[in-house]
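Residue numbers (the working numbering), protein chains in the order written: chain A, 2 to 365; chain B, 22 to 204.
We put the CB at the ideal spot given by N, CA and C, even for glycine.
Just so we're clear, the structure is a prediction, and the values are computed from it rather than from any experiment.
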């Protein structure tokens with residue numbers, strides 16, 4: 002039976018880690034102990050097997066994709082040739098997500114069950130931030146400011162050049178906005194940016210179906226919907242402590258599994274959630290009450306486009322989608338949404354205006 | 022540390038500095054130097070080409086995004102391989118499919134390699150996937166990128182003693198599955 006010391010000597014010998022003296026000791030051991038010889042021979046065979054395994058070449062284009070994305074890093078190329086196009090494309094994409102975010106918010110409020118979709122809304126809000134720097138929507142000028150584009154299978158739908166408005170001066174302002182930059186530089190944002198749950202959602206079929214859905218587009222172009230987006234009360238709610246606390250409640254995640262939104266009032270998960278302290282605080286919060294009494298909010302509730310999206314299959318699909326739930330349960334997402342820089346960003350009126358202008362240009 | 026290793030480290034640091042100063046070509050050179058080996062480490066950790074490609078891209082994305090926080094007193098290669106291993110472990114944790122129940126390796130062999138080499142690769146890869154991910158990381162770094170115990174310790178951020186313990190344990194399992202069980 003070999004001792005621990007002898008075992009280590011033999012392993013070290015195979016790895017070339019022994020001193021000349023230790024190597025001599027191993028040679029003696031192998032010559033005198035059959036068990037040592039067997040082990041030594043086995044380890045050498047194993048080593049030989051590993052050496053037989055060929056070094057694989059990465060898939061074609063992988064290195065170029067990394068270099069291309071890296072070249073868009075502002076540190077390496079502060080004003081790369083296609084930077085403007087990239088910025089505008091990303092902004093366009095961000096505008097799209099911004100509308101999506103608020104759409105979800107509207108859905109929540111329409112049923113006066115803000116708790117139902119609090120996590121949903123917040124999750125999608127985070128996508129705005131991600132879209133600003135992290136999601137490459139087009140082929141040639143796809144890239145990121147703070148990160149790198151994913152492999153082909155992670156690419157979303159392609160926006161064409163005509164989708165990009167080159168003349169909008171607000172785009173430049175967007176990327177000079179200190180709140181956007183603060184967000185991009187924050188550790189929370191970076192953590193979320195590189196989290197797989199984000200990529201999964203953005204490349205999810207149900208998510209794309211929703212984005213391509215007519216009812217979804219109708220609500221994005223809806224005046225009442227835009228009013229609510231620009232409403233201070235709405236912003237107060239998004240930034241309230243109670244609202245952020247609610248998304249941390251496990252029970253709220255269960256709500257996302259409820260297929261029949263209009264039956265939620267009677268659902269056990271909702272009752273569970275309401276019984277939590279965070280749920281109670283949100284219900285009693287001034288921001289929530291203000292919103293319920295807000296005229297624009299009531300207009301939105303009565304809007305036909307809004308009802309369409311509420312009854313839309315794609316919308317329900319994404320609500321019940323597994324990758325979407327992964328995102329909701331993601332720690333990096335929670336950290337990002339709770340971060341100060343994200344709150345600052347949400348409060349930035351000029352940023353909202355840019356997003357909305359972009360969205361209008363895109364959809365009209 | 023030998024002269025060649027020290028020179029490599031110096032070159033890495035210089036490339037990082039030049040990249041941060043705005044020289045794009047320096048970033049490309051860093052990608053050229055590490056892209057292939059990062060991909061292979063990820064491949065052996067995950068047993069899946071597509072996931073390895075994703076990890077590779079994520080690692081370089083993380084690296085370039087955080088390059089200004091890189092401390093040049095540490096070795097660049099330790100930094101990037103540590104990210105590779107961590108990102109691979111994250112991928113494994115996120116998705117159980119990385120280690121299939123039967124430990125199968127789903128990487129098709131390229132035409133360029135012989136049938137026996139392809140078989141050897143499949144055998145080794147499947148055995149690797151049966152190891153615990155932490156143990157697998159040590160074996161991959163030792164046998165696929167030929168790191169010393171000290172270098173593995175740097176990359177993984179664990180003591181050399183832990184490296185040896187994991188490596189010896191993993192090898193005993195591999196010895197059982199690849200050699201003894203087959204005789």
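- For residue 9(A), the enclosing alpha helix (DSSP H) begins and ends at 5–15.
- For residue 138(B), the closest Cβ of chain A is nearer than 7 Å.
- In the structure shown, residue 66(A) falls within a helical segment according to DSSP collapsed to helix, strand and coil.
- Against chain A, a Cβ distance below 9 Å from residue 158(B) picks out nothing, because the smallest value is about 15 Å.
- For the set 31(B), 64(B), 178(B) and 185(B), the Cα lying nearest the Cα of residue 142(B) is the one of 64(B).
- Of all residues in the region 179–195 of chain B, those with a C-beta nearer than 8 Å to a C-beta of chain A are 185, 188, 189, 192 and 195, reading in chain order.
- Listed by position along chain A, the residues whose Cβ is nearer than 8 Å to that of residue 62(B) form an empty set, because the closest Cβ is around 11 Å away.
- Residue range 181–195 is occupied by the alpha helix (DSSP H) that includes residue 183(B).
- The three-state secondary structure of residue 69(B), taken from DSSP, is coil.
- Residue 197(B) and residue 30(B) have their alpha carbons spaced roughly 38 Å apart.
- Interface with chain A (7 Å Cβ-Cβ cutoff): residue 172(B) is excluded.
- In summary, the residues of the region 28–47 of chain A whose CB is separated from some CB of chain B by less than 7 Å are 43, 44, 46 and 47, in the order they occur in the chain.
- The residue among 45(B), 150(B) and 112(B) with its C-alpha nearest the C-alpha of residue 73(B) is 112(B).
- Short of 7 Å from the beta carbon of residue 148(B), and not among the five residues preceding or following it, lie these beta carbons of its own chain, in chain order: 195, 198 and 199.
- By the 16-neighbour rule on beta-carbons within 10 angstroms, residue 21(A) is exposed.
- In the three-state reduction of the DSSP assignment, residue 178(B) falls in the coil class.
- Considered as a whole, the region 27–109 of chain B harbours 45–67 and 70–86 as its complete alpha helix (DSSP H) runs of no fewer than 4 residues, in chain order.
- At least 7 Å separates the CB of residue 107(B) from every CB of chain A.
- Taking each of 168(B), 85(B) and 183(B) in turn and checking the Cα distance to residue 16(A), the smallest one comes out for 168(B).
- In the same chain as residue 106(B), and ignoring 5 residues on each side of it, the C-beta atoms closer than 6 Å to its own belong to 158, in chain order.
- Every unbroken stretch of the alpha helix (DSSP H) spanning 4 or more residues and falling wholly within the region 135–171 of chain B is given here in chain order: 136–150 and 154–164.
- Taking C-beta separations shorter than 7 Å and ignoring five residues to either side along the sequence, the partners of residue 155(B) in its chain run 187, following chain order.
- In this structure, residue 114(B) sits away from residue 68(A), with a CB-CB distance that is not shorter than 7 Å.
- Within the same chain, Cβ atoms closer than 6 Å to the Cβ of residue 36(B) are found at 47, 50 and 51, the five residues on either side in sequence being excluded.
- The beta carbon of residue 11(A) sits no closer than 7 Å to any beta carbon of chain B.
- The residues 101, in chain order, have a CB closer than 6 Å to that of residue 55(B) in the same chain once the five nearest residues on each side in sequence are set aside.
- Under the three-state reduction of DSSP, residue 61(A) is assigned to coil, being neither helix nor strand.
- When C-alpha distances from residue 49(A) are compared across 163(B), 174(B) and 185(B), the shortest belongs to 163(B).
- The C-beta of residue 49(A) comes no closer than 7 Å to any C-beta of chain B.
- Closest in alpha carbon position to residue 81(B), among 57(B), 70(B), 68(B) and 94(B), is 57(B).
- Between residue 60(B) and residue 77(B), the C-beta gap is smaller than 7 Å, which places the two residues in contact.
- Beta-carbon to beta-carbon, residue 184(B) and residue 174(B) are separated by about 5 Å, close enough to satisfy the 8 Å threshold.
- Membership of residue 45(A) in the alpha helix (DSSP H) is indicated by the continuous run 35–53.
- Pairing residue 179(B) with residue 287(A), the inter-Cα distance amounts to about 51 Å.
- Residue 3(A) does not reach chain B, its nearest Cβ partner there being about 12 Å away, counting only Cβ pairs nearer than 7 Å.
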